[in-house]
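*Asks:* Input: one structure, supplied below.
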Amino acid sequence: MEFNSLYWFTLPGFVLCSGGLYIGLGLLRTFYLDGSLAFKPAVLMVILTVIGAGMTFTGILLHSISGLLRHLRE
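So this is what it looks like as structure tokens:
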């Protein structure tokens, strides 16, 4: 059974990144209307977005490397 890195890294990474961007849009709306910015949700947004983007790129990179190795074995 082969490990599918595109599925196991990219899908959760995309979900985390989307969650971070969703929180960021809420923060942007609050900042635009109120002029204030909450610290804890802003930190959570940054953490989710960075980890999600990193996981997404890791999944794509691992998928490309496994395809290259599979091509070299043939």
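Note that my numbering numbers the sequence shown so that position 20 is 12, with each residue one more than the last.
Where is the CB? At the ideal position from N, CA and C, for every residue including glycine.
The structure presented is a predicted model; accordingly, all values stated were derived computationally and were not measured.
(1) Run the CB neighbour count on Gly27, radius 10 Å, all protein chains shown included, and call it buried at 16 or more, exposed below.
(2) Which value, in whole angstroms, describes the spacing of the CA atoms of Arg21 and Phe49?
(3) Taking only the alpha-carbon atoms, compute the straight-line gap between Arg62 and Tyr(-1) and give it to the nearest angstrom.
(4) By a C-beta neighbour count over all protein chains shown, 10 Å radius and 16 as the cutoff for buried, is Gly59 buried or exposed?
(5) For Ser58, name the three-state secondary structure that DSSP assigns.
*Replies:* Here's the rundown:
(1) exposed
(2) 28 Å
(3) 17 Å
(4) exposed
(5) helix
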